[in-house]
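J.:
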Amino acid sequence: MMLVGGLAEFGHTPQREFGELPADRNMSSGNAKIGHHAPQFKATAVMPDGQFKDISLSDYKGKYVVFFFYPLDFTFVCPTEIIAFSDRAEEFKKLNCQVIGASVDSHFCHLAWINTPKKQGGLGPMNIPLISDPKHTIAQDYGVLKADEGISFSVPSWLEAWQ
């Protein structure tokens, strides 16, 4: 799968030029390079049915993938984007595209956030998998780890389908 590039937040107007990050964003360099194969990963995810499953990027061979990172579960900035992606999962599916979210929180924390009602700061039921990266290896590989805080930046990317 090829890393094609960043993606403006779904349903939002970009606030800055493509690829430009604020000066204080000291991101890890990572292995992800536009035009090159996307770094492979295998991680535990909370699937749309609420079950835990180990998934890998290669599971989505032949599909486009929107792979986005968000800093932490139970924050009040990220849910709107995550819910927007989830609500449109069927539209992406019709385009042969899988949406996958990721953060450094555990899969147990993801499940607790999903099981928390939206009115109480939760996500509610999800139509997309949320993967867990507690060792920060995936965030590091994709160059989105803010190492000094141990969290990933909120960075959507999209990956080109491969055969």
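Each position in the sequence shown, counted from 1, maps to that position plus 23 in our numbering. From the three backbone atoms N, C-alpha and C, an ideal C-beta is built for every residue, glycine too.
#1: If you draw a straight line from the C-alpha of Val69 to the C-alpha of Leu118, how long is it?
#2: Got a sec, what are the start and stop residues for the beta strand (DSSP E) Phe176 sits in?
#3: Kindly indicate which residue of Ile174, Gly85 and Met149 has the alpha-carbon position closest to the one of Ala112.
#4: Could you spell out where the beta strand (DSSP E) holding Asp77 opens and where it closes?
#5: What is the DSSP secondary structure of His60, reduced to helix, strand or coil?
#6: The beta strand (DSSP E) with Leu153 in it runs from where to where?
#7: What number of angstroms, rounded off, separates the C-alpha of Lys142 from the C-alpha of Gln63?
#8: For Pro140, count neighbouring C-beta atoms within 10 Å of its own C-beta (all shown protein chains included) and say buried if the count is 16 or more, exposed if not.
#9: Mapping the DSSP letters down to three states, classify Thr160 as helix, strand or coil.
#10: Quick check: is the beta carbon of Thr139 nearer than 8 Å to any beta carbon in chain D?
T.: Short version:
#1: Translated into positions along the sequence shown, residue 69 becomes position 46. Translated into positions along the sequence shown, residue 118 becomes position 95. Cα to Cα, the separation comes out at about 23 Å.
#2: Here residue 176 is taken as the residue at index 153 of the sequence shown, counted from 1. It is not in any beta strand (DSSP E) - Phe176 carries neither H nor E in the DSSP assignment.
#3: The count along the sequence shown starts at 1 and reaches residue 112 at position 89. Closest by alpha carbon: Met149.
#4: Reading the sequence shown from its first residue, position 54 is the one you call residue 77. Phe75 to Ser79 is the extent of the beta strand (DSSP E) around Asp77.
#5: Translated into positions along the sequence shown, residue 60 becomes position 37. The answer is strand: DSSP assigns His60 an E or B state.
#6: Counting from one through the sequence shown, the residue named residue 153 turns up at place 130. From DSSP, the beta strand (DSSP E) with Leu153 extends over Leu153 to Ser155.
#7: In the sequence shown, residue 142 corresponds to position 119, counting from 1. In the sequence shown, residue 63 corresponds to position 40, counting from 1. Each residue's Cα considered, the two are about 36 Å apart.
#8: In the sequence shown, residue 140 corresponds to position 117, counting from 1. Result: exposed.
#9: For the purposes of this step, residue 160 is identified with residue 137 of the sequence shown, where counting begins at 1. Helix, per DSSP.
#10: Any reference to chain D falls outside this structure, which holds one protein chain only.
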